[in-house]
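Throughout, the numbering used here is defined as the position within the sequence shown, counted from one, plus 59. Don't be surprised by glycine CBs; every beta carbon is placed ideally from N, CA and C.
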Amino acid sequence: MMNCTLRKISEEDVTQLQVISRSTFRETFEDHNTEEDLNKYLDEQLSIKSLLEELKNPNSAFYFAYENERIVGYLKLNWTSAQTELIDEAAFEIERIYILKEFFGTGLGQFLLNNAITIGKAKKPTYIWLGVWEKNTRAIRFYEKNGFKVFSSHLFTLGNDIQTDLLMKLDITN
Ligand SMILES: CC(C)(COP(=O)(O)OP(=O)(O)OC[C@H]1O[C@@H](n2cnc3c(N)ncnc32)[C@H](O)[C@@H]1OP(=O)(O)O)[C@@H](O)C(=O)NCCC(=O)NCCS
Numbered sequence: 060m061m062n063c064t065l066r067k068i069s070e071e072d073v074t075q076l077q078v079i080s081r082s083t084f085r086e087t088f089e090d091h092n093t094e095e096d097l098n099k100y101l102d103e104q105l106s107i108k109s110l111l112e113e114l115k116n117p118n119s120a121f122y123f124a125y126e127n128e129r130i131v132g133y134l135k136l137n138w139t140s141a142q143t144e145l146i147d148e149a150a151f152e153i154e155r156i157y158i159l160k161e162f163f164g165t166g167l168g169q170f171l172l173n174n175a176i177t178i179g180k181a182k183k184p185t186y187i188w189l190g191v192w193e194k195n196t197r198a199i200r201f202y203e204k205n206g207f208k209v210f211s212s213h214l215f216t217l218g219n220d221i222q223t224d225l226l227m228k229l230d231i232t233n
């Protein structure tokens, strides 16, 4: 059994956030995207400047997942005006949930999602939602088995490539 813990992070953790964000993003998308598109995204969206701005937003929260002392994944959560699409002001968004590839299938992803849902429910949202690339079949299956259902889609630009994200939501029943 893994020894996983979760910690809310702040601006002083930005360097480590950039390291885990870049390595997990690359591992997730390198097989299906050009090096040029990946680098453009990493340089523009996962720069220290952009991450610091995101960390300063009072309506977002980032968490690191640790296995013992090592950072092995992270979460980014948004509510109210910080949501990347304001379909419903009262909804709650899981914008990023990423773990290192070597931990796929170990229960770490489930640990992070369970925590994201618990944190989300405490804000009493109408529903919890997220966007996932239509070709990310592993993540889609992971969300489906956790009760998320596709309700819409939107376009997402990775570098210069325009891609379709499925929007999935989990209705809150209690
Ligand atoms: C998304 C993520 C957190 C899920 O964690 P995980 O440990 O991989 O999830 P699990 O192993 O519990 O579940 C994945 C499911 O997809 C299935 N799966 C694996 N590869 C698959 C594929 N190519 N097609 C369809 N299903 C697939 C697995 O069998 C499993 O389903 P099962 O439990 O019914 O057998 C993790 O994969 C991750 O961090 N990925 C990289 C980042 C990412 O894609 N984030 C989502 C961005 S929106």
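{"Item": "Cβ neighbour criterion (16 or more within 10 Å) applied to Ala149", "Value": "exposed"}
{"Item": "Same chain, Cβ closer than 6 Å to Tyr100, neighbours up to 5 away in sequence not counted", "Value": "Leu217 and Gly218"}
{"Item": "Cβ-based neighbour list, Glu95, same chain, cut-off 8 Å, excluding 5 preceding and 5 following", "Value": "Gly218 and Asn219"}
{"Item": "Contact between the stretch 219 to 231 and the stretch 176 to 190 (3+ Cβ pairs under 8 Å)", "Value": "yes"}
{"Item": "Rounded distance between the beta-carbons of Asn137 and Glu152, thought under 8 Å", "Value": "4 Å"}
{"Item": "3-residue-minimum beta strand (DSSP E) runs that sit fully inside the stretch 70 to 136, ordered along the chain", "Value": "119 to 126"}
{"Item": "Ile178, enclosing alpha helix (DSSP H) - first and last residue", "Value": "Leu167 to Lys180"}
{"Item": "Per DSSP, cross-strand counterpart(s) of Thr64", "Value": "Tyr125"}
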